[in-house]
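First comes the structure, then the notes that go with it.
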Amino acid sequence: MIVEQLATTAGAGGAVGAIPLQSAGSIVQFVVNGLLVGSIFALVAIGFALVWGVVGIINLAHGEMMMLGGYVSYWAFLGLTGTGTGPGLLVLATVPVAVAVLYVVGYGLQRAIVTRVTDEDMFLTLLVTFGLSIFIQQATLQAFSADPRSIGATFADPSFVLGGIVVPKMKLVAFVGTLALAAALYVYLQTTRRGRAIRAVAQNPEAARLVGIDVQHTRAVTFGLSAAVAGGAGAFIATILNVTPQIGLNYTLKSFVIVVFGGIGSIPGALVGGLLLGTVEELTAGLVSSQLTLAVTFTLLVVLLVVKPQGLFGSGTEGST
Amino acid sequence: MSRRAERRDRSTAGEVPVVTEGLTKRFGGLTALDGVDIEVRDDEIVGLIGPNGSGKTTLFDCVTGAYTPDEGTVFLYGEEITGLSENRVAQRGLVRMFQQTRVYGGMTVAENLLVAAPSESLLRPPSTATREEADRLLEYVDLAGLAEVEAGRLSFGQQKLVEFAMALMADPDVLLMDEPAGGINPSMINRMLDYIRDVNDDDVTVFLIEHDMDFVMNVADRIYVLAHGERIAEGTPEEIQTNERVLDAYLGRE
Amino acid sequence: MSEVDEEGTRRSPAEVVLSVGNGYSAVLLALFAVALAVPPLVFLDEGFYMTVMTEMFLFGVLALSWDLVGGQTGYPSFGNMAFFGVGAYTTGILWTEFGVAYPAALLAAGVFAVVFAAIIGLAVLRLRGHYFAIATLGVLLASIQLSRYLEITGGSSGKVLLGGPSGEVFYYVFLAILIVEMAVVRYLSGTRFGFVLNAIRDDERKATAMGVDTTYYKTAAWTLAAFFTGLAGGAYGAFNTFIDPQTAYNLAWNVELIAMALLGGTGTVAGPVVGAFGLHLAIVEIDSLFSGWQLMILGSVVIVTVVAFPNGVVGTLRQRANAMEYYKFGGGAAGESSPSAASSTDGTEGSE
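Heads up: the sequence lines are chains V, R and C, in that order. Throughout the first sequence, residue numbering follows our numbering, covering 26 to 346 in sequence. Throughout the second sequence, residue numbering follows our numbering, covering 64 to 317 in sequence. Throughout the third sequence, residue numbering follows our numbering, covering 1220 to 1571 in sequence.
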């Protein structure tokens, strides 16, 4: 039931047909799988929503932040263990590394490049970030090759069974970990000074500037945080799936769907949206075919945009008119 | 112009250009229009005034099809057009000008007029007749020398004239103008009054929103007054000027 | 907004030459076509340079098609390669699986792309700005996944397409597609159809209020762009002798073609083509120097282009040309008009 589109080695057109006769138990299994993976989608989307809401741009290179986080975590794990395999919980040590590194990357990117196009036509911003996405993908490809990487973190007993439902421990760790990061971000934004500054800039940059907030720095911090949580998500992804330079774009698209659903700049919305999307994808993968998940995602996206462009939780300032 | 002949037929048939009955429009908790009845009769110039936020532009939007009213109906020459899409309404001869003056900024002034001509064949360059009409209208609004300039570079007043010329180019039966006197200086205001009278003489029915009292009293045959989305008065300029309810509304006593 | 002087802002000669819908540009296009048709007949042999030029024509088609919807109509698509891929697979499948003759299979590519575009357009053309952009990106990504999934497309392995025409034939095929498209777009730009597209770009609400059925026009432009892009895709398969999801729906080309239109100047006929030729040549050069780095350079070029030349090269030149006119007729830095204009056309408070 693994979300398969990340692997670049999908079979030769694999005619995967629908698996007949689903029992209620399997459906629940799919839903559980979906929630477990959905929290990762949610975390990535939260970062995406944050940048969109605060800096006002749609960052098409966001998926690459996640991808880089996966690589950082991979190398960190390799460094820690020497062999590339180790106990499952050890992966938690690599997550902060990924988070920290990607924070710096995000901050730097914003100040160096993104800030120059923040006030331009949204289309130009999309183009620049798309260019950035390609650049980062290619640089990573050059540096690390296309070989899929995965963190060999394992538990002695890989999963436990709860009421007939199989719950892989690594996925549970990822689930809890990503939710923890999301919660940490939320708390940060609500309680710290910088967090309040970020929210101020999101609402009204001019007013924020007038009360002495360094808007440039705040935007860069936001970008950094966005990249950081994406990187953290990437670290968890590396434990469950393969990481290659090309996995980013699909996640960016998923994030877009989630944020449109949940509302721009809304963390709770992105959380709900991510869990939902994960569930929908797993159900699709289980009941129809794992190869069609993106088609489903895309269809959802179009339906959403046509029906309810403001999302469920968001401020509703953007739309299709 | 074929439409002029149609217009004469429509008016001799006794049809009223624009009628709204019980027009109501709500936005969430706000009632922008509440049961508004108006009539714009043939060859009239009708003014629509009222304090800010009284629903005037919303009324226009419901008439032109930009919004679908929650209740009520709109008729154009006797045919119901409630909720019909904006472009279809425009195709039936009701042309609307905007408060913030909309022109096609990236195209030249001449192109703005050419694209406003409705009956042009799709895959041909503009016909000679259309080009001549565009030239004539540009002369009429005294912008002939700026024909090749990008409309976006023009001043606000010049853009207003372009928008007006575009509206005429579309050969309307009914012309809706949203604050034609807005943001222009006194010498231009007199020109605008003349333009409106000219177009009215040419069998075009005019319905205009305006804040400039002198302007609207000067040019309108009849006036409707809106306040808080309701129609509170209707009459000639003289009647309106002495109407207690109108004074109350503007002075905030309502 | 400042006053504009009557005399001081007539279009400069450069603008006249670059603009469409006049006699000069028709002659130029003919000269262009002839100039490019000559080399293989006289001195250009099959090989590297012919391939590069063929690719230049290909990119010209892609960029111009994108511009029709993006630059002329104001709907910047991030998924045009979806049409390319649909065309590539259509021709590939018809030709190899069903034995359809190559020319017919090629034409079918354009037709299928149009049908595809029409269907997708029903949903995405309602969306504006970045929503439209992302939705089209979604179409592209979903198409990639779909082609990996289906057997008939050969899945991830793709299809091998040997036995097609020679390189020289493809040179002319792509050149022909480009010239035809340039002629069509040039012609349309001078007709009501072209004007309406630009009107939709400049103010879609106004166009609607003036009676335009914008959905109809947007769909027409979108399917026209799809036709040429699909046709190019159809030709590409046999030209490249191979297609798979990654080459048919090439994500790098997807952004490259947008960059080309931007670089060259959107909203013109010459702009996207100039941008395509220039950027492709540049990338080929760079690739020969730093193999494997061309995509990184591409990414950088896109970034720099957007930051430094938001209006593209041609567009920036036009702006400079306009500015020069201001200065020439005594206009100041703020574009003030000459005194004679003030009395004749002044009507504003100067407020906005």
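All C-beta atoms in this analysis are idealised placements derived from N, C-alpha and C, irrespective of residue type, glycine included.
What residue range does the beta strand (DSSP E) around F138 of chain R cover? From DSSP, the beta strand (DSSP E) with F138 of chain R extends over 134 to 139.
C-alpha distance - Y1546 of chain C paired with R216 of chain R, whole-angstrom precision: In this prediction, Y1546 of chain C scores a pLDDT of 42, lower than 50, which makes its location untrustworthy; the coordinate-derived value is nonetheless stated afterwards. Going by the C-alpha atoms only, they are around 15 Å apart.
Straight-line gap, A214 of chain R to E174 of chain R (C-alpha atoms, nearest Å): Here the C-alpha atom of A214 of chain R lies approximately 9 Å from the C-alpha atom of E174 of chain R.
Taking a Cβ distance cut-off of 7 Å, strictly less, list which residues of the region 142 to 162 of chain V are near chain C, in chain order. Answer in chain order: V142, E145, M147, F148, L149, L151, L152, V153, F155, G156, L157, I159, F160.
Using a 10 Å radius around the Cβ and a threshold of 16 neighbouring Cβ atoms, would you call L75 of chain V buried or exposed? Flag for L75 of chain V reads buried.
Let me confirm a value: Q163 of chain V is counted as buried when at least 16 other C-beta atoms fall within 10 Å, else exposed. Which label applies? Label assigned to Q163 of chain V: buried.
Would you say A255 of chain V lies against chain C (beta-carbon separation less than 8 Å)? Taking Cβ atoms only, chain C never reaches closer than 8 Å to A255 of chain V, which makes this a no.
Mind reading off the beta-carbon distance from G1409 of chain C to G1290 of chain C? Whole number of angstroms is fine, and I expect it under 8 Å. Their Cβ separation, rounded to whole angstroms, is 16 Å, which puts G1409 of chain C and G1290 of chain C out of contact at 8 Å.
What residues from chain R crowd round V1431 of chain C, counting only those whose CB sits closer than 7 Å? Result: N150.
Give the list of continuous alpha helix (DSSP H) stretches no shorter than 4 residues that lie fully inside the region 205 to 283 of chain V. Uninterrupted alpha helix (DSSP H) stretches at least 4 residues long and entirely within the region 205 to 283 of chain V occur at 218 to 228, 230 to 235, 240 to 265, given in chain order.
In whole angstroms, give me the CA-to-CA distance for T119 of chain V and F248 of chain V. Cα to Cα, the separation comes out at about 21 Å.
Closer than 7 Å, Cβ to Cβ, to anything on chain C: give me those residues from the region 280 to 299 of chain V, in chain order. Residues F281.
How long is the line joining the alpha carbons of I159 of chain V and H87 of chain V, rounded to whole angstroms? I159 of chain V and H87 of chain V: Cα-Cα distance of roughly 11 Å.
Beta-carbon proximity list for A245 of chain V, same chain, < 7 Å, skipping 5 on both sides: Counting only Cβ-Cβ distances below 7 Å, and skipping sequence neighbours, we find Y132, Q135, R136.
Which chain C residues sit within Cβ distance under 8 Å of A168 of chain V? Within 8 Å Cβ-Cβ: nothing; A168 of chain V doesn't reach chain C, min ~11 Å.
How close, in whole Å, do the beta carbons of P1295 of chain C and A1354 of chain C come, if the pair is a contact with beta carbons under 8 Å? At roughly 12 Å, the Cβ-Cβ gap does not stay under 8 Å, so P1295 of chain C and A1354 of chain C are not in contact.
From R:A207, R:R159, R:Y167, residue whose alpha carbon lies closest to that of P243 of chain R: Considering only alpha carbons, the answer is R:R159.
Does the Cβ of N1469 of chain C have 16 or more other Cβ atoms within 10 Å, making it buried, or fewer, making it exposed? So N1469 of chain C ends up on the buried side.
Determine, using beta carbons only, whether Y96 of chain V and T165 of chain V come nearer to each other than 8 Å. Yes, Cβ-Cβ distance for Y96 of chain V and T165 of chain V is below 8 Å.
State yes or no: is the beta carbon of G1490 of chain C nearer than 8 Å to at least one beta carbon in chain R? Chain R, which has no Cβ nearer than 8 Å to the Cβ of G1490 of chain C, makes this no.
Taking 8 Å as the threshold (C-beta atoms), are T1273 of chain C and L1381 of chain C in contact? No, they are not a contact pair.
Give the C-beta separation of V1305 of chain C and A1332 of chain C to the nearest angstrom, bearing in mind that I take them to be a contact with Cβ-Cβ under 8 Å. That pair is a contact at about 5 Å.
Member of R:G298, R:Y313, R:A296 whose CA lies at the smallest distance from the CA of D275 of chain R: Of the listed residues, the one whose Cα sits closest to D275 of chain R is R:Y313.
Please list, in chain order, all residues of the same chain as Y130 of chain R whose beta carbon is under 8 Å from its beta carbon, the five residues on each side excluded. Non-local beta-carbon contacts of Y130 of chain R in its own chain, meaning distances under 8 Å to residues more than five positions away in sequence, involve K88, T121, D124 in chain order.
Within the same chain, show all residues whose beta-carbon is closer than 6 Å to that of V130 of chain V, passing over the 5 residues directly before and after it, in chain order. If the five residues before and after V130 of chain V are omitted, its C-beta is found closer than 6 Å to the C-beta atoms of A252, all from its own chain and listed in chain order.
Selected residue, minimal CA-CA separation from V1523 of chain C, among C:S1510, C:M1479, C:R1347: Here the closest residue by C-alpha is C:M1479.
Residues in the same chain with beta-carbon distance under 6 Å from I1398 of chain C, minus the five sequence neighbours each way, listed in chain order, please. For I1398 of chain C, where only same-chain residues beyond five positions count, the Cβ hits under 6 Å are A1252.
Of the residues C:T1448, C:H1499, C:G1494, C:A1467, the one placed nearest V1334 of chain C, counting alpha carbons only: Answer by Cα proximity: C:T1448.
Anticipated Cβ contact below 8 Å, P1491 of chain C with L1250 of chain C, distance rounded: Not quite, the Cβ-Cβ distance comes to about 19 Å (not below 8 Å), so this is no contact.
Q316 of chain V: contacting residues in chain C (beta-carbon distance under 7 Å): Listed along chain C, the residues sitting closer than 7 Å to Q316 of chain V by beta-carbon distance are Q1364, R1367, Y1368.
For V179 of chain R, which residues in chain C fall below 7 Å Cβ to Cβ? Val is not the amino acid found at residue 179 of chain R; the sequence shown has Ala there. Result: M1429.
According to DSSP, is A178 of chain V part of a helix, a strand, or is it coil? DSSP places A178 of chain V in strand when its eight states are reduced to three.
Taking CB distances under 8 Å as the criterion, tell me whether P1259 of chain C reaches chain V. So, not an interface residue.
Using 8 Å as the threshold, is the C-beta distance between P1464 of chain C and G1357 of chain C below it? No, Cβ-Cβ distance for P1464 of chain C and G1357 of chain C is not below 8 Å.
Starting from V186 of chain V, trace the alpha helix (DSSP H) both ways and give me its first and last residue. Premise fails: V186 of chain V lies in the beta strand (DSSP E), 184 to 187, not in any alpha helix (DSSP H).
Can you tell me whether DSSP reads E107 of chain R as helix, strand or coil? The answer is coil: DSSP assigns E107 of chain R none of H, G, I, E or B.
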